[in-house]
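Working notes, beginning with the structure itself.
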Amino acid sequence: MSRSEKEGLESNLIRVLQHLLKWHYQPERRSASWSYMIYEHSRRINKAFKNSPSLKRLAKVG
């Protein structure tokens with residue numbers, strides 16, 4: 073697994089978490105773009121795991 077793969081995974085995880093937190097704590101500001109960003113970055117994370125299964129251990133919490 074390369075450094076860029078790790079950085080890409082980290083970036084996508086951060087984006088998903090940011091938008092999920094916004095979605096939860098700012099329901100009055102929900103938008104289609106937030107929904108799309110959650111979907112798109114989740115898709116990228118799943119693709120990264122599929123292409124490089126060793127990345128999954130980096131994403132485990134606890």
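The C-terminal position of the sequence shown is numbered 134 in the numbering used here, with every residue numbered one higher than the one before it.
Virtual Cβ for every residue (Gly too), placed ideally from N, Cα, C.
- For residue 75, the enclosing alpha helix (DSSP H) has its first and last residue at 75 to 97.
- Secondary structure note for residue 107: its alpha helix (DSSP H) is the uninterrupted segment 104 to 123.
- In terms of Cα proximity to residue 120, the closest of 81, 106 and 101 is 81.
- Looking from the CA of residue 76, the closest CA among 109, 124 and 108 belongs to 124.
- Annotation: the continuous alpha helix (DSSP H) that includes residue 128 extends over 128 to 131.
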